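Down below is the structure, laid out as structure tokens.
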Amino acid sequence: MKAIERELKQIYEFRADGVPAHSSIIEALAELKELRKDQSRLDWLASTEQNIGNVMLPKECVEQGLDGGLRGMIDYAMSISSNETELRGLP
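Every letter in the sequence shown is one number past the one before it in numbering that gives the first Met the number 0, and letter 34, counting from 1, is 33.
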């Protein structure tokens, strides 16, 4: 239970009295479960031991995000995407 509390404190803001500023602890736990599923998906995709999944990213993303592994590459691609959106004035 302490591990879950630590994870929730990292994800959600808490009021001064320790109550989550989130609408319900059940919703927070459900979201945490989904985040763990996403983590498993990315870990599998990034694994060099699997040979059926792949990711295509521009060379620049691979070069710039190399230190962060697959997640770093994806983060870099997302930053390019959001920058391009801002430059175009899109929401």
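We put the CB at the ideal spot given by N, CA and C, even for glycine. Owing to the predicted nature of the structure, the values given are computational and were not obtained by experimental measurement.
Of the residues V54, R35 and S78, the one whose Cα lies closest to the Cα of L44 is V54. Inclusion of G68 and D74 in the CB contact set at 8 Å is not warranted, their separation being larger than that value.
Judged by beta-carbon spacing, A76 lies within the 8 Å limit of L56, meaning their Cβ atoms are closer than that value.
The continuous alpha helix (DSSP H) containing G64 extends over residues K58 to G64.
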